[in-house]
Amino acid sequence: MSSLTKGSYPLALDTALEKERLIQVIKDWSIAHGLAVRPPPAVASNDPEGILAINAPVTLFPSPFPKSCFEEAKAIQTTYNELYARISQDEEFLGEIVQEVAAGDEFIANLWNIHVRVKKEGYLQDLALGLFRSDYMVHQNSDVLQIKQVEFNTIASSFGGLSSQTSLLHKHLAQTEYPLLKEAIPPSTLDLPDNQSTKGLAVGLKAAFDAYGKSAIGHQTCVIFLVQGGERNVFDQRHLEYELQASQTPVFRLPFSDILARTSIADSPQRELLYRLPSNPSHVFEVAVVYLRAGYGPGDYPDTSAWEGRFQIERSRAITCPSVLTQLAGMKKVQQVLTDVATSSPPGSPQPPLARFIADEAKIAALKRTFTAIFPLDTSPAGLEARELAKDPQGCLLYVMKPQREGGGNNFYRSAIPAHLKTIPEEHWGSFILMELIMPPPLSNTILRAGKLEQGGVICELGVYGTCLWDQKRREILHNEESGYLLRTKGDQSEEGGVAAGFGCMDSVALV
Ligand code: ADP
Ligand code: MG
1 MSSLTKGSYP
11 LALDTALEKE
21 RLIQVIKDWS
31 IAHGLAVRPP
41 PAVASNDPEG
51 ILAINAPVTL
61 FPSPFPKSCF
71 EEAKAIQTTY
81 NELYARISQD
91 EEFLGEIVQE
101 VAAGDEFIAN
111 LWNIHVRVKK
121 EGYLQDLALG
131 LFRSDYMVHQ
141 NSDVLQIKQV
151 EFNTIASSFG
161 GLSSQTSLLH
171 KHLAQTEYPL
181 LKEAIPPSTL
191 DLPDNQSTKG
201 LAVGLKAAFD
211 AYGKSAIGHQ
221 TCVIFLVQGG
231 ERNVFDQRHL
241 EYELQASQTP
251 VFRLPFSDIL
261 ARTSIADSPQ
271 RELLYRLPSN
281 PSHVFEVAVV
291 YLRAGYGPGD
301 YPDTSAWEGR
311 FQIERSRAIT
321 CPSVLTQLAG
331 MKKVQQVLTD
341 VATSSPPGSP
351 QPPLARFIAD
361 EAKIAALKRT
371 FTAIFPLDTS
381 PAGLEARELA
391 KDPQGCLLYV
401 MKPQREGGGN
411 NFYRSAIPAH
421 LKTIPEEHWG
431 SFILMELIMP
441 PPLSNTILRA
451 GKLEQGGVIC
461 ELGVYGTCLW
471 DQKRREILHN
481 EESGYLLRTK
491 GDQSEEGGVA
501 AGFGCMDSVA
511 LV
């Protein structure tokens, strides 16, 4: 415990010289290895040609992380993959949940509509791919440390590309720089596990690409990365793209807004998705896999043509990562239903939700260990109880209220909850969930962001990647792997943790 709270190495740099040297090494190493992002909007507005890149915000030292928690999070990933593959296959379950939130959430209602339209016509692709990330914080309850799940991401799970680089950066510093500090850290005192997140995610994409098979209409097959225009986190995506290309897989980046302009459905009963190179429109590829790094929030759908673009992808024969149903499986409301806080259900009532998807009792117990209480805010008994908590200026202090959104900046924390509830019509409260705050043990570290050091208390969030390929119709899982990890760290005064959103930074674990 004590080694976790203090860290087993000095976190303060005593002299200006030490700081300068370390900062310079980190900046250079980061740019040399693509541990980089596009600059923030204030700088980017003076960079119309897009020539600038800066080192991604990063901790100077790997953060101490309990080994048992790290191993537990990695070990459970394939069970989580299986769980979310099964949920994606359960249209009835997802439909009921969508019903509960759709009145207050037009975005979710529109996503569901895409599924309904494609279903009417008939899906032509039974395979589905998930590149997942399950996020956790370490919860400290007296002396016991336990990972607790923050959320499960089923779409655009980012930072796999930068994360393996961050592990390499900290390993490099441990070999070359930390031993030279005034309070030297010998390399042998740091347990820095390998992190194969880039490779792991590329393996998932390749499994889907191979499973798609050869084109029946004579084209070369490819993978499309669907991306946002002006993406700051572009190098993260590039790492993955280059890893995939290294296995002889053609990959192209396509802005979400250009789907209808640059893809079409083949004039064939199989509805193959065709992609024309902008540089050479007579060169046509058949799209085997569409990997979405966009389309997770309303901002990507400014008009009906954006929704028609998503519809085109979904109705095509391409394997989607994720499908609309898999994206919907990532709703916070699904997580809330799984945690099943209303366990006071009378005997003989319907089976608890986890048992609907996972048969093995030991796996269910392992999943439950990672759960934190999450309440509905609907008119069920548990929901009414939660509404009282959420409205109460004291009661709300231990909670975060979340809508059905991804990408950061959408939640309401602690004392902000009652005021926000007042702005929403009561009949729409059911589209939010109320989650107990996880309380991680206090840690300190130093963050290098935009050339400046920020030193102080930090909170770490571990993400474990998983790749899963399954047959939606036969309900068969064809590939299921744990695929590396992400550690994101933020100042302990910040509620949000997004790196690209400017709240968090990249980190890696030093196991203790
Ligand atoms: P998003 O889909 O926007 O990433 P998250 O559920 O991951 O939403 O919440 C965003 C951030 O808020 C997390 O990265 C974490 O820092 C913080 N957070 C969310 N839920 C909790 C919780 N239960 N306890 C403590 N912090 C939380
Ligand atoms: Mg998150």
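Residues 1 to 512, numbered by the UniProt record's numbering, are exactly what the sequence shown covers, in order. Note that beta-carbon positions come from the ideal geometry of N, C-alpha and C, so glycine has one too. Note that the structure is a prediction, hence the values are computed from the model and not measured.
From this set, 508, 432 and 454, which residue's C-alpha is nearest residue 100's C-alpha?
432
What first and last residue would you give for the beta strand (DSSP E) that runs through residue 492?
Taken as a continuous stretch (DSSP letters only), residue 492 belongs to no beta strand (DSSP E), as it is neither H nor E.
Discussion item. Short of 7 Å in beta carbon distance, which residues of its chain neighbour residue 343, apart from the five on each side in sequence? Order them along the chain.
Written reply: In this prediction, residue 343 scores a pLDDT of 47, lower than 50, which makes its location untrustworthy; no coordinate-derived value is stated.
Buried or exposed for residue 277, going by 16 or more other Cβ atoms inside 10 Å? exposed
Note to self: Would you call the segment 84 to 100 in contact with the segment 445 to 465, where contact means no fewer than 3 C-beta pairs closer than 8 Å?
What the structure shows: no
Exercise for the section: Assign residue 518 to one of two classes, buried (16 or more other C-beta atoms within 10 Å of its C-beta) or exposed (fewer than that). Expected result: Here the chain has residues from 1 to 512 only, and residue 518 is not among them.
Answer yes if the segment 404 to 411 comes into contact with the segment 70 to 81, meaning at least three C-beta pairs across the two stretches below 8 Å, and no otherwise.
-> no
- Message: Taking the beta carbon of residue 160 as the centre, do at least 16 other beta carbons fall within 10 Å, making it buried, or is it exposed?
- Response: buried
Kindly provide the ranges of any beta strand (DSSP E) runs that are 3 or more residues long and lie completely inside the segment 169 to 226, ordered along the chain. Runs of the beta strand (DSSP E) lying entirely within the segment 169 to 226 and spanning at least 3 residues: none are present.
**Prompt:** What separation, rounded to the nearest whole angstrom, lies between the Cα atoms of residue 198 and residue 27?
**Reply:** 21 Å
Discussion item. For a test of the three-state rule: what should DSSP assign to residue 283, helix, strand or coil?
Written reply: strand
- Query: Any chance the segment 246 to 265 sits against the segment 62 to 69, with 3 or more Cβ pairs inside 8 Å?
  - Reply: no
ask   = How about residue 126 and residue 452: are their beta carbons less than 9 Å apart?
value = If you check the CB distance, residue 126 and residue 452 do not come in under 9 Å.
Would you report the Cα separation of residue 95 and residue 113, rounded to the nearest angstrom? 11 Å
* Asked: Do residue 162 and residue 235 have their CB atoms nearer than 9 Å?
  -> yes
- Are the segment 172 to 191 and the segment 213 to 221 touching by the rule of at least three beta carbon pairs closer than 8 Å? no
| query | Would you say the beta carbon of residue 333 comes nearer than 8 Å to a heavy atom of the ligand ADP? | reply | no
- Query: residue 438 by DSSP, collapsed to three states: which one?
  - Reply: coil
In this structure, how does DSSP classify residue 345 when only helix, strand and coil are distinguished?
For residue 345, the predicted structure reports a pLDDT of 46, less than 50, and the residue's modelled location is therefore unreliable. The matter cannot be settled from this model.
Where does residue 525 land, buried or exposed, given buried means 16+ other C-beta within 10 angstroms?
Nothing about residue 525 can be reported from this structure: the residues present for the chain run from 1 to 512 only.
Looking at the unbroken beta strand (DSSP E) that takes in residue 152, where does it start and where does it end?
144 to 153
message = The alpha helix (DSSP H) that contains residue 88, what's its start and end?
response = Counting along the chain, the alpha helix (DSSP H) containing residue 88 begins and ends at 77 to 88.
Indicate, with yes or no, if the ligand ADP has a heavy atom lying under 8 Å from the CB of residue 506.
-> no
(Q) Could you check whether the Cβ of residue 263 sits closer than 8 Å to any heavy atom belonging to the ligand MN? (A) This structure does not include the ligand MN; its bound ligands are the ligand ADP and the ligand MG.
Kindly list the residues whose CB is nearer than 6 Å to the CB of residue 479, restricted to its own chain and excluding five residues on each side of it in sequence; keep chain order. Same-chain partners within the cutoff: 207 and 469.
Practice prompt. Return the CA-CA distance between residue 529 and residue 245, expressed in angstroms with no decimal places.
Written response: No information on residue 529 is available, as it lies outside the stretch 1 to 512 that the chain covers here.
query = residue 423: buried (16+ other C-beta within 10 angstroms of its C-beta) or exposed?
reply = exposed
With a Cβ-Cβ cutoff of 9 Å, do residue 505 and residue 57 count as a contact? Closer than 9 Å, so yes.
message: Is it the case that the segment 24 to 44 contacts the segment 427 to 445, given that we only count it when at least three CB pairs across the two stretches are under 8 Å?
response: As far as the Cβ criterion goes, the segment 427 to 445 does not touch the segment 24 to 44, which means the pair count is below three.
(request) Measuring alpha carbon to alpha carbon, tell me which of 319, 158 and 279 ends up nearest residue 129. (result) 319
If I measure Cβ to Cβ from residue 165 and keep anything under 6 Å in the same chain, skipping five residues before and after, which residues do I get? 33 and 35
### Task
For residue 454, write down the residues that DSSP places opposite it in a beta bridge.
447
So residue 139 is in the beta strand (DSSP E); what residue range does that whole segment cover?
127 to 141
| said: Just to confirm, is the Cβ distance from residue 436 to residue 372 under 9 Å? | reply: yes
Item to complete: Output the distance between the C-alpha atoms of residue 21 and residue 12, rounded to the nearest integer angstrom.
Response: 14 Å
Open item on the list: Please report the distance separating the alpha-carbon of residue 123 from that of residue 315.
Closed with: 6 Å
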